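Residue numbers (the numbering used here): 34 to 427. Here a beta-carbon is modelled for each residue, glycine too, at the ideal position from N, C-alpha and C. Only a predicted model underlies this, so the values are computations on that prediction, with no experimental measurement involved. Presented below is the structure to which this report refers.
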């Protein structure tokens, strides 16, 4: 069940190995992680996990030992490696999302398309293990909502495949676009491209909702900058009552675009992380019929989603504002019915009552498979969800 809340507290920065170490320390099973990593065709890699202490703080350190020479991979090579593995669809989706975001950032830096990017450090086998391992660990912890603190920016220089570069590295600056960043007077790379890609792809940069805090995890990287430079992960479960979180609302009014293009734009926005997209009919100046496009998204994604609207619609500008939204604690479950398996969402009220909502696409599929009315299938799935809801807590 994906009902845990995960909070990345990037006090000492974030990298791929720090993220994986912190998630393991927060309770992700190392045994199950190793089993799933063996599904990747990377026989030359050995994962090492060991306890360490720095400046009085205990945590985990993760390293990946790579034997033999590793090729410099392109995006298509990495995606093929991941998608042809036996990993779960959710893990594949998240890992692909991270690498696509990395390729987009590197492409912007070098002035080429993401497909042309020739990865060096990020394409190495150890970085692939860090990303895939982090996605697996999040899945093992049942991460339903992921939040992240502002990212710390150090200063100085870092040496990489392209030579000596300033800190933050150019790719990191691209990945930080639109995200909250705080300056640290630390000479060193606190946020790596892999670390920035993980949280910018998967996390909301806002205050986590009310939750019951669970076991914290501490992950350390390879560098020691003279202070407890750990990444802390806090795993929690939804608290009682209604959760509150901040979202941004983006609007634009359009009266000169082919309406056949709106579904394509909707899909692009949702794929890029929009929480909701909807259209409202309106009368614009000179009595012309028009459409208001509204996009709701998590803080930190404004620039990316605005770029999509401006590039793939006829809009010349967008309006942005922050709003508070209240959401009920909820769980997603897969239930068994005489017709087959289907997903349901269970929302919990402060009074102790709950509401079960079957997943429409699953009900539609079962209705077609069994040639039954959709309403009848919906009711069977809802009853199975009610039975499951009585056995779980929020």
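What does a CB cutoff of less than 6 angstroms around residue i pick up in its chain, not counting 5 residues either side in sequence?
| i | result |
| --- | --- |
| residue 146 | 140 |
| residue 178 | 38 |
| residue 4 | Here the chain has residues from 34 to 427 only, and residue 4 is not among them. |
| residue 96 | 81 |
| residue 40 | 180, 241, 267 |
| residue 311 | 327 |
| residue 119 | 72 |
To the nearest angstrom, how far is the alpha carbon of residue i from that of residue j?
| i | j | result |
| --- | --- | --- |
| residue 244 | residue 321 | 48 angstroms |
| residue 366 | residue 220 | 47 angstroms |
| residue 102 | residue 152 | 15 angstroms |
| residue 189 | residue 259 | 15 angstroms |
| residue 32 | residue 181 | Given a span of 34 to 427 for the chain in the structure shown, any question on residue 32 remains unanswerable. |
| residue 27 | residue 136 | In the structure as shown, the chain starts at 34 and stops at 427, and residue 27 therefore has no counterpart that could be examined. |
| residue 8 | residue 74 | The chain is shown from 34 up to 427; residue 8 falls before or after that span and cannot be answered. |
| residue 348 | residue 372 | 46 angstroms |
| residue 329 | residue 157 | 36 angstroms |
| residue 263 | residue 99 | 24 angstroms |
| residue 356 | residue 56 | 31 angstroms |
| residue 408 | residue 370 | 15 angstroms |
| residue 184 | residue 269 | 21 angstroms |
| residue 323 | residue 286 | 7 angstroms |
| residue 319 | residue 305 | 34 angstroms |
| residue 325 | residue 290 | 12 angstroms |
| residue 382 | residue 281 | 25 angstroms |
| residue 235 | residue 117 | 22 angstroms |
| residue 384 | residue 308 | 27 angstroms |
| residue 218 | residue 187 | 6 angstroms |
| residue 421 | residue 237 | 30 angstroms |
| residue 387 | residue 362 | 10 angstroms |
| residue 353 | residue 413 | 42 angstroms |
| residue 36 | residue 375 | 17 angstroms |
| residue 462 | residue 176 | Outside the displayed range of the chain (34 to 427) lies residue 462, so it cannot be described from this structure. |
| residue 358 | residue 303 | 19 angstroms |
| residue 159 | residue 174 | 22 angstroms |
| residue 138 | residue 111 | 16 angstroms |
| residue 403 | residue 45 | 55 angstroms |
| residue 299 | residue 233 | 21 angstroms |
| residue 250 | residue 191 | 27 angstroms |
Comparing the C-beta of residue i with each C-beta of chain C, is any distance below 9 angstroms?
| i | result |
| --- | --- |
| residue 418 | Within the model displayed, chain C is absent; a lone protein chain is all it includes. |
Tell me whether residue i is buried or exposed, calling it buried when 16 or more other Cβ atoms sit within 10 Å of its Cβ.
| i | result |
| --- | --- |
| residue 428 | Absent from the structure is residue 428, since the part of the chain shown begins at 34 and ends at 427. |
| residue 424 | exposed |
| residue 164 | buried |
| residue 89 | exposed |
| residue 255 | exposed |
| residue 168 | buried |
| residue 76 | exposed |
| residue 207 | buried |
| residue 297 | exposed |
| residue 113 | exposed |
| residue 104 | exposed |
| residue 350 | exposed |
| residue 246 | exposed |
| residue 64 | exposed |
| residue 265 | buried |
| residue 415 | buried |
Ignore the nearest five residues each way along the sequence and tell me which others in residue i's own chain have a CB closer than 7 angstroms to its CB.
| i | result |
| --- | --- |
| residue 172 | 121, 123, 124 |
| residue 239 | 180, 278, 279, 331, 332 |
| residue 166 | 53, 66, 70 |
| residue 162 | 70, 75, 78, 80, 97 |
| residue 410 | 372, 396, 399, 400 |
| residue 170 | 53, 56, 57, 61, 66 |
| residue 94 | 54, 83, 85, 253 |
| residue 142 | 203, 204, 207 |
For residue i, which residues from the same chain have a beta carbon less than 8 angstroms from its beta carbon, with the 5 sequence-adjacent residues on both sides left out?
| i | result |
| --- | --- |
| residue 242 | 38, 178, 271, 272, 276, 277, 278, 360 |
| residue 405 | 372, 399 |
| residue 87 | 253, 257, 261, 262, 263 |
| residue 301 | 341, 345 |
| residue 107 | 148, 149, 150, 151, 152, 156 |
| residue 231 | 47, 49, 52, 131, 164, 167 |
| residue 288 | 317, 321, 322, 323, 324 |
| residue 210 | 336, 337 |
| residue 92 | 54, 55, 58, 84, 85, 86, 250, 251, 252, 253, 263 |
Quick check: does the Cβ of residue i come within less than 8 angstroms of any heavy atom belonging to the ligand PLP?
| i | result |
| --- | --- |
| residue 266 | Absence of the ligand PLP is noted for the structure shown, with no ligands found whatsoever. |
Could I get the ranges of all uninterrupted alpha helix (DSSP H) runs contained in the segment 118-205, with 4 residues as the minimum, in chain order?
122-143, 158-173
Contact the segment 310-319 vs the segment 209-217: 3+ CB pairs below 8 angstroms:
Proximity of the segment 310-319 to the segment 209-217 falls short of the contact definition, fewer than three beta-carbon pairs being nearer than 8 angstroms.
Sufficient close CB pairs (3 or more, under 8 angstroms) joining the segment 111-127 to the segment 192-202:
At 8 angstroms Cβ cutoff, the stretches do not touch.
With a cut-off of 8 angstroms, do at least 3 Cβ pairs link the segment 336-347 to the segment 385-393?
The segment 336-347 is not in contact with the segment 385-393.
Can you find at least 3 beta carbon pairs, one from the segment 38-55 and one from the segment 224-234, that sit closer than 8 angstroms?
yes
At a cut of 8 angstroms, does the segment 363-381 reach the segment 322-335 through at least three beta carbon pairs?
With the cut-off at 8 angstroms, the segment 363-381 and the segment 322-335 do not touch.
Complete beta strand (DSSP E) runs within the segment 327-371 (minimum length 3 residues, chain order)
352-360, 363-370
Can you list the beta strand (DSSP E) stretches of 3 or more residues lying completely in the segment 75-122, in chain order?
78-87, 90-99
Every unbroken beta strand (DSSP E) inside the segment 236-287 [3 residues or more]:
244-253, 263-271, 276-287
Taking only runs of the alpha helix (DSSP H) that begin and end inside the segment 378-410, which ones reach a length of at least 4 residues, in chain order?
393-403
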